[in-house]
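2 protein chains.
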Amino acid sequence: MKTNKLERLKAAGWEVGNTEDFLQLSDEEAKLVALKLSLVNAVKKSRIKRKLSQTDLAQRMKSSQSRIAKIEAGDPSVSLDLVVRALIASGATTRDIQAAFTVQ
Amino acid sequence: MKTNKLERLKAAGWEVGNTEDFLQLSDEEAKLVALKLSLVNAVKKSRIKRKLSQTDLAQRMKSSQSRIAKIEAGDPSVSLDLVVRALIASGATTRDIQAAFTVQ
DNA sequence: TCAGTCTATGTCGGAACTGACATATTCGCA
DNA sequence: TGCGAATATGTCAGTTCCGACATAGACTGA
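If you're matching them up, the sequences are chains D and R in order. Quick note: the first sequence uses the working numbering, first residue 262, plus one each step. Quick note: the second sequence uses the working numbering, first residue 262, plus one each step.
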């Protein structure tokens, strides 16, 4: 999956703004990554807000602690599906979710 | 994937409202399905609006016509990832996308 | 009617994603 | 400091999802 390029770089400490044109990511790819990033942040925020540990959240959504850690780290092996699932399971309201989808 | 239950039923002509408690889908599952459904509709709407054929859209996102058809049909084999990707590729604005995430 | 375009459906091999596990690291706090 | 809880990282086998292809059906205008 092409999107992973950016995520890998980000993980290596790059800033998103710079790398976009450097890698010549298409607008579509950039949008998708931004969206995911926004959701990822929302997951962590929502989880913390509800005072859930990663293990707690994992149980709620029948996943594992390591997967939650990867979600929050923006790991390339994590799909949008799973991020959204985590967001929902973390108790985020519909409003929260919608807000997370606000990318400009 | 558990979510498919509902999608299969829906495809068979069921109404979502009824089946939810019948199948005892958790709130989380229901939310996810509703979200996907909303996005799926947005894809078709956006594609038509821009007068793109399924083949056109497929080329834009380097997928295939049959995949687009499946996306729009809410096929169980289609992930949220792909739906969102299609939505973006169809030219939907950020505002459109956000609107599609408005589920209550 | 029929040719051309569009959409739907089924299938398949390969790619991507998953939960689970092991283990390392970080983080309070007594 | 050191201990327990929380989080991070790596790996892997099983599952899901993917594009591609074949083909069927639907729709439109001539």
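Built from N, CA and C at the ideal position, the CB exists for glycine as well.
- Uninterrupted beta strand (DSSP E) stretches at least 3 residues long and entirely within the region 282-329 of chain R do not occur.
- Residue-level contact by beta carbon holds for Arg346(D) and chain R, with a gap shorter than 9 Å.
- Closest in alpha carbon position to Lys312(R), among Ala353(R), Thr363(R), Ala360(R), Lys323(R), is Ala353(R).
- In the three-state DSSP reduction, Asp336(D) falls in the coil class, being neither helix nor strand.
- With respect to Val301(R), Glu333(R) sits close: the two C-beta atoms are nearer than 9 Å.
- For Ala303(R), the nearest beta carbon of chain D is not closer than 9 Å to its own beta carbon.
- Listed along chain D, no residue sits closer than 9 Å to Lys306(R) by beta-carbon distance, the nearest being about 17 Å off.
- Here Ile329(R) has Gln315, Leu318, Ala319 as same chain residues with Cβ atoms under 6 Å from its own Cβ, once five neighbours each way along the sequence are excluded.
- Collapsing the DSSP output to three states places Ala347(R) in a helix.
- If you check each beta-carbon in the region 325-349 of chain R against every beta-carbon of chain D, the ones closer than 7 Å belong to Ser340, Leu341, Asp342, Val345, Arg346, Ile349.
- Residue contact check for Ile309(D) against chain R: no CB pair falls below 9 Å.
- For Thr355(R), the secondary structure class from DSSP, reduced to helix, strand or coil, is helix.
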